[in-house]
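Residues in the sequence shown are numbered from 67 upward in steps of one, following our numbering. Even glycine gets a Cβ: it sits at the ideal position worked out from N, Cα and C. Just so we're clear, the structure is a prediction, and the values are computed from it rather than from any experiment.
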Amino acid sequence: MNTVTVAEDRAAPVASYDPVARSLHWLTVLLVLAEYIVGSLMPRIRLGTPFVLLIQLHFALGSGLLLVVLARILWRLTHRPPPPPPLPVWQKLVAGATHFALYVALLLMPLAGWASASAHGYPVRAFGVIPFPALVPYKAHVGFKLGDLHADVIYWILLALIVMHVGAALYHRLVKRDAVLSRMLPGW
Ligand code: HEM
Ligand code: HEM
Numbered sequence: 067m068n069t070v071t072v073a074e075d076r077a078a079p080v081a082s083y084d085p086v087a088r089s090l091h092w093l094t095v096l097l098v099l100a101e102y103i104v105g106s107l108m109p110r111i112r113l114g115t116p117f118v119l120l121i122q123l124h125f126a127l128g129s130g131l132l133l134v135v136l137a138r139i140l141w142r143l144t145h146r147p148p149p150p151p152p153l154p155v156w157q158k159l160v161a162g163a164t165h166f167a168l169y170v171a172l173l174l175m176p177l178a179g180w181a182s183a184s185a186h187g188y189p190v191r192a193f194g195v196i197p198f199p200a201l202v203p204y205k206a207h208v209g210f211k212l213g214d215l216h217a218d219v220i221y222w223i224l225l226a227l228i229v230m231h232v233g234a235a236l237y238h239r240l241v242k243r244d245a246v247l248s249r250m251l252p253g254w
């Protein structure tokens with residue numbers, strides 16, 4: 067039987083993700099948060115809506131996020147994460163499935179937004195400097211449809227995954243008091 071007490075468990079040394087993986091994780095968090103806020107503040111996008119600063123910012127940060135997520139996936143595929151702390155098998159499976167779904171949603175959200183931006187005739191520059199080509203032609207129906215998915219469907223799926231994920235991280239930290247959060251935030 068495992069007789070490790072809570073205090074001993076938290077004191078036990080825990081291997082955290084490497085600094086690059088951690089930096090990419092927290093940069094993703096910042097950019098996603100900014101995108102939900104800027105997306106909610108910017109004017110509704112229709113054909114001919116002026117390309118105001120908030121829309122430019124939404125596209126610049128969101129397409130930048132796409133690059134960050136691609137870099138993150140590449141890093142993840144080439145660098146083994148630290149061995150997980152002792153957790154029930156079902157929790158490992160749910161965590162793995164949630165992380166995978168998060169990566170998929172983190173790719174689909176900017177891709178669908180980019181398609182909508184192209185269909186509306188806007189240019190897209192990652193972080194305002196790296197030009198992206200048009201993903202679909204001007205006024206392409208598929209671009210408008212993807213815009214609807216971006217704003218009405220993937221929007222909620224990504225948000226729900228984030229709420230589950232953050233809820234799990236806080237549950238581990240505040241209720242179980244184990245070392246899961248320290249893997250991404252050493253010292254916590
Ligand atoms: C994870 C990244 C992103 C998040 C969280 C996000 C979030 C949002 C939000 C909250 C809205 C407003 C929805 C509404 O008013 O109902 C929106 C709309 C929009 N976003 Fe994003 N966005 C992201 C990435 C992008 C990217 C990379 C682009 C383009 C390069 C983009 C283009 C658009 C467009 C064109 C709309 C209007 C949708 C339409 O009605 O066609 N978004 N986004
Ligand atoms: C936009 C919000 C967030 C997104 C998109 C996100 C995404 C992810 C992803 C994809 C992973 C899997 C890493 C891997 O490849 O192994 C991960 C791991 C992790 N995240 Fe987040 N995260 C977010 C916010 C947060 C927040 C706010 C916290 C803390 C309160 C957090 C704590 C963690 C922890 C502790 C892990 C490591 C889990 C483990 O031990 O395997 N995340 N996150």
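Item, Value
"Nearest neighbour of H231, chosen from A163, F193, H207 and L93 [CA to CA]", "A163"
"Distance between I228 and A161 (C-alpha atoms, nearest Å)", "12 Å"
"Buried/exposed call for W254, threshold 16 Cβ in 10 Å", "exposed"
"Top-ranked residue by Cα proximity to L113, from H165, W92 and A183", "A183"
"Residue closest to P85, alpha-carbon to alpha-carbon, out of L96, I103 and H145", "H145"
"Segment contact, 8 Å Cβ cut-off, at least three pairs: the stretch 201–220 with the stretch 174–182", "yes"
"Cut-off 7 Å between Cβ atoms - residues of its own chain near Y221, not counting five sequence neighbours on either side", "none"
"Helix, strand or coil at I111 according to DSSP, with G and I counted as helix", "coil"
"Rounded separation between R249 and K205 - CA only", "46 Å"
"Span of the alpha helix (DSSP H) around P197", "Careful: P197 lies outside any alpha helix (DSSP H), inside the beta strand (DSSP E) at I196 to F198."
"C-alpha gap between L225 and K242, whole angstroms", "24 Å"
"Entirely enclosed beta strand (DSSP E) segments - the stretch 104–166, minimum 3 residues", "none"
"Distance between P199 and P189 (C-alpha atoms, nearest Å)", "8 Å"
"Stretch pair the stretch 106–124 + the stretch 138–158: three plus CB contacts closer than 8 Å", "no"
"Sequence-distant residues of its chain with Cβ nearer than 7 Å to V202 (five each side left out)", "A181, S184, A185, V208 and G209"
"Supposed contact pair R142 and A100 - C-beta distance, whole angstroms, cut 8 Å", "Not confirmed; about 22 Å, so no contact."
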